[in-house]
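If you read the sequence shown in the working numbering, its first letter stands for residue 5, the second for the next number, and so on.
C-beta: ideal position from N, C-alpha, C; glycine also.
Structure first, commentary second.
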Amino acid sequence: MTGDELRQEFLRFFESKGHKVLPSASLIPNDPQLLFTVAGMVPFKPIFWGKVEPVYTRIATCQKCLRTNDIDNVGRTPRHQTFFEMLGNFSFGDYFKKEAITWAWEFVTKILKLPEEKLWVTIYKDDEEAFKIWRDLVGIPEKKIVRMGKDTNFWGPAGPTGPCGPCSEIHYDTGVMDDCPKNEECTPANSDKRFLEIWNLVFTEFNQDENGNLNPLPKKNIDTGAGLERIASVIQKVGGNFETDLFMPIINRIGEVLNVKYKESNSKDISIRVIADHSRAVSFLIADGVFPSNEERGYVLRRILRRAVRHGVLLGAKKPFLHFINDAVIEKMGKTYPELVERRKLILEVTQTEEERFFKTIVQGNEMLNDIIAKSHKIISGEDVFKLYDTYGFPPDIVVDVARERGLEVDLNEFERLMELQREKARSARIEVEFAKSSEDYNRLAKTIKTAFVGYETLNCEATVIYTKKQDSRLEVVFDKTCFYAERGGQVADTGKISWDNGSAIVEHVYVPIEGIIAHVVRLEYGELHQGMRVRLQVDKEKRDATARNHTATHLLHAALRKALGNHVKQSGSLVAPDRLRFDFTHYQALTKDEIEQIENLVNSTIFEALPVVTQEKSYKEAVAEGAIALFGEKYGDVVRVVKISNFSEELCGGTHVKNTGNIGLFKIISESAISAGTRRIEATTGFNALNYLRTKEQLIENICEKLGTSQDEVSLRIENLLEKNHIMQRELEQLRSKSLTLQLKQAPVKQIKDIKFLYHIFDDVESNELRNLSDIAISGENSLVALLFSVSRDKVNLIVRVTQDLTKKIKAGDIAKYAAQILEGGGGGRPDFAQAGGKNPTKINEVIEYTKRLLEQK
Ligand code: SER
């Protein structure tokens with residue numbers, strides 16, 4: 005059975021048991037607790053948790069997964085991988101242990117036909133229910149049901165908190181007895197080599213909270229996971245995952261590209277396996293919207309990619325190669341995962357660019373490293389390793405590799421010490437910068453007061469001035485409370501007015517100089533503003549309303565993008581202003597016209613449905629469990645504000661919003677563009693601004709119609725006709741021009757010099773290929789003819805010299821052109837019958853003609 009067939013058989017089997025088969029979710033989970041999808045259950049976490057109602061209570065998937073915790077072992081063992089595929093069947097409050105166990109057994113023995121005597125099982129130590137099912141229903145001998153503890157037979161949660169439960173595993177007896185104990189029976193409890201875990205059945209019935217307490221979940225669930233590559237290696241009877249047909253085409257490609265053979269040398273095999281594994285991880289990560297960077301997911305990708313390149317270098321690679329291997333990954337896996345094929349170009353380009361960059365680092369670092377090695381005795385100092393790392397980003401593990409080859413040691417302790425020192429420096433530098441940002445005053449102020457923000461509920465309020473500071477021609481003012489929204493989370497600040505008994509001021513900007521304090525930048529109109537005064541604050545309502553429309557529309561757009569394009573879409577920046585909104589997000593390619601229309605339709609339907617926009621304060625955990633979108637890496641307090649629009653959108657957000665989506669009126673996308681590889685930008689507008697945008701377009705069309713003297717219905721036809729007419733006229737003009745030039749040529753004087761005919765003519769601004777055509781006409785049917793055709797445009801002159809074949813023995817066009825070029829102050833030359841010259845002195849044309857005449861007279 006091939007790996008692809010195994011995947012299909014698994015899904016088909018569980019489909020026959022009433023499961024809905026779903027495609028794999030993205031490697032990037034919609035889950036702020038996790039960087040990557042680490043198991044098949046991750047996409048269903050909210051359902052297990054009981055926070056979301058399932059649409060199907062039985063699901064089966066083959067899920068792409070990524071785990072990097074054991075990355076250092078990848079390559080060194082037959083089984084460690086970063087990227088892998090996990091087969092799984094799930095029950096959400098539907099079936100439980102009995103079905104999960106008996107079906108798993110049926111699949112391995114009946115479909116995969118693994119011999120029963122080779123199979124063992126493990127259970128959680130006091131799980132009597134599972135024990136009885138295995139013994140009594142399945143018929144496994146008691147001694148082959150091994151009880152084990154929490155470290156192996158309790159799974160989850162994925163992330164710091166969440167669903168988890170005891171589990172039961174099926175193990176395959178490989179017959180390898182290397183690590184079996186001498187005096188007791190060899191079982192899955194004491195041998196890793198002999199027994200290979202092939203399937204994990206988790207009985208997900210608990211929620212683990214942040215204190216590690218296990219609380220029963222509302223329903224009992226099933227989450228099973230079987231590594232596709234591992235099972236394939238068992239049924240294909242090969243030594244490890246890398247020898248299965250899932251990996252071999254990739255390994256073969258590595259062999260071709262790097263000119264190495266698998267299974268010839270132990271150390272080379274390690275590198276080959278590393279590259280085989282990492283090329284899959286890299287391809288899939290890029291396909292799911294991750295790009296190499298120095299943060300979070302991008303950093304993980306960069307590390308994996310560089311590790312692959314490093315092993316390529318160990319195998320002798322001198323230039324980028326990994327993208328060729330990725331190509332094999334796409335070829336092998338593209339049928340099952342069409343995103344690979346769709347984003348092929350991107351995967352290859354991103355990989356190659358990153359490889360090139362890393363190769364440069366390696367080359368520069370290598371030179372320095374060679375110098376260092378030359379001067380080092382026995383040990384390479386930590387200082388040198390640090391310098392290499394600090395200057396070139398040259399990885400210390402390469403230094404170790406190279407040092408080992410040359411029989412040298414590396415002082416890694418010293419290196420670590422220097423690294424720590426530098427981290428320390430960077431930390432204190434950061435603190436200084438942050439401190440400098442907010443002035444002394446605000447720091448002091450923040451210790452005693454906190455500006456209350458009442459701007460969600462009202463746009464007018466009375467407040468007391470508690471601090472003022474003159475800043476150039478402006479005043480910065482802090483009140484005890486304010487209804488002005490300070491610039492934050494992409495939303496621009498409110499503007500408006502402050503007034504008091506004998507004075508007023510314009511609020512131009514509002515910002516947060518330090519957490520807790522809201523500062524207003526104001527321009528005094530008249531009067532004076534002092535500490536302790538009571539004043540009236542009034543937000544510009546029109547502007548605030550327009551901004552609110554755009555902010556709510558931004559949430560709708562975010563949700564619509566995820567619905568239309570997929571959950572890989574993540575906000576990477578946004579601007580919410582009164583006149584427009586701008587939304588940056590991760591996506592690999594330009595949106596098509598259809599996609600843009602689909603997104604506009606989704607947003608506008610939600611507007612037309614006039615759904616209430618509800619804001620609530622709740623605990624961060626509760627919000628995220630409900631599925632609210634939180635930005636990864638963003639800091640949130642314990643209590644967060646959630647903005648929810650029916651079940652269309654739910655986001656953590658502190659911004660100001662409309663009360664009902666109907667208030668937005670209309671949403672229109674104005675542009676869609678790329679801002680960097682993998683990040684797109686949409687600009688859009690709402691309400692009156694959208695209306696005005698459409699009006700401007702309408703006006704434009706009206707202007708065009710007016711100019712063309714036609715109606716909107718006819719304008720396209722009219723333009724087509726005009727273009728067609730223009731085209732015809734152009735052709736006619738060319739014909740006329742060519743006729744006129746031929747006529748000029750025909751009328752040009754021909755001088756008879758002895759038995760040679762000499763023809764010359766000066767044209768006005770004729771293109772060089774036209775001049776060549778004319779020269780063809782000039783000599784056609786002629787004998788004993790020499791022709792000079794000039795074209796003059798401003799202060800440039802071109803010349804074609806033609807000599808009929810019968811004269812070429814005596815007179816060479818090339819010689820004339822060369823000489824002419826000198827006179828005309830340019831260049832020239834050519835064959836005896838055809839030559840060209842050009843120059844920048846048209847006043848000398850006569851000299852060329854006279855020279856040629858004399859030349860012919862002498863012949
Ligand atoms: N979540 C479990 C695992 O990853 C079973 O799918 O092993």
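- Within the chosen limit of 7 angstroms, ligand 1 does not reach the beta carbon of A688 with any heavy atom.
- Look at the beta carbons and you see the region 74-90 not touching the region 114-130: under three pairs across the two are nearer than 8 angstroms.
- Unbroken beta strand (DSSP E) stretches of 3 residues or longer found wholly inside the region 648-728: 653-656, 671-680 and 683-690, given in chain order.
- In this chain, the beta strand (DSSP E) harbouring Y471 covers N464 to Q475.
- With the rule of 3 Cβ pairs closer than 8 angstroms, the region 746-760 does not count as touching the region 725-733.
- Nearest C-alpha to I453 among L425, E519 and N374: E519.
- Counting only beta-carbon distances shorter than 6 angstroms to the non-hydrogen atoms of ligand 1, the qualifying residues in chain order are A43, G44, M45, G92, W159, N204, V206, D227, T228 and G229.
- When L350, D331 and L318 are compared, the shortest CA-CA separation from E409 is found for L318.
- Across the structure, L232 and D281 are spaced so that their CA atoms are roughly 14 angstroms apart.
- Cβ-Cβ separation between T228 and N93: approximately 5 angstroms, consistent with a contact (criterion under 8 angstroms).
- By the C-beta criterion, the region 528-546 is judged to be in contact with the region 494-507, since at least 3 inter-stretch pairs fall below 8 angstroms.
- For D484 and P517, the gap between their C-alpha atoms comes out near 15 angstroms.
- By the criterion of a C-beta distance shorter than 7 angstroms, G691 is surrounded in its chain by A550, R553, I668, G669 and L670, once the five residues flanking it on both sides are discounted.
- Using a 10 angstroms sphere on the CB of H381, the tally of other CB atoms stays under 16, which defines it as exposed.
- At a Cβ-Cβ threshold of 8 angstroms, K574 and T590 count as neighbours.
- Taking the Cα positions, K224 is about 28 angstroms away from F652.
- Take the alpha-carbon of V294 and the one of C657: they are about 24 angstroms apart.
- In the structure shown, H327 adopts helical secondary structure according to DSSP, grouped into three states.
- By a beta-carbon distance limit of 8 angstroms, E676 contacts A594. Their separation comes to about 7 angstroms.
- Going by DSSP, W203 is part of the beta strand (DSSP E) stretching over F199 to Q212.
- A residue is called buried when at least 16 other Cβ atoms come within 10 angstroms of its Cβ; G494 meets this threshold and is buried.
- DSSP places T395 within a helical segment (H, G or I) once states are collapsed to three.
- An exposed status is given to K429, since fewer than 16 other beta-carbon atoms sit within 10 Å of its beta-carbon.
- Its chain contains L670 and F671 as the residues whose beta carbon lies nearer than 8 angstroms to that of N608, once the 5 sequence neighbours on both sides are disregarded; these appear in chain order.
- About 5 angstroms separates the beta carbon of D415 from that of S385, a gap short enough to meet the 8 angstroms contact definition.
- Boundaries of the alpha helix (DSSP H) around Y624: Y624 to A629.
- Taken through DSSP and simplified to helix, strand or coil, D445 comes out as helix.
- Closest option to L141, judged by alpha-carbon separation, among M152, E121, R151 and A104: A104.
- The C-beta distance from V482 to I470 rounds to 6 angstroms, short enough to meet the 8 angstroms contact threshold.
- As computed with DSSP, K24 is found in a beta bridge with I63.
- Less than 8 angstroms divides the Cβ of G831 from the Cβ of A825.
- Its chain contains S623 and Y624 as the residues whose beta carbon lies nearer than 7 angstroms to that of D642, once the 5 sequence neighbours on both sides are disregarded; these appear in chain order.
- Note on geometry: alpha-carbon atoms of T486 and A456 lie some 6 angstroms from one another.
- Beyond the five residues adjoining it in sequence on each side, L350 comes within less than 6 angstroms, by CB distance, of Y592 in the same chain, given in chain order.
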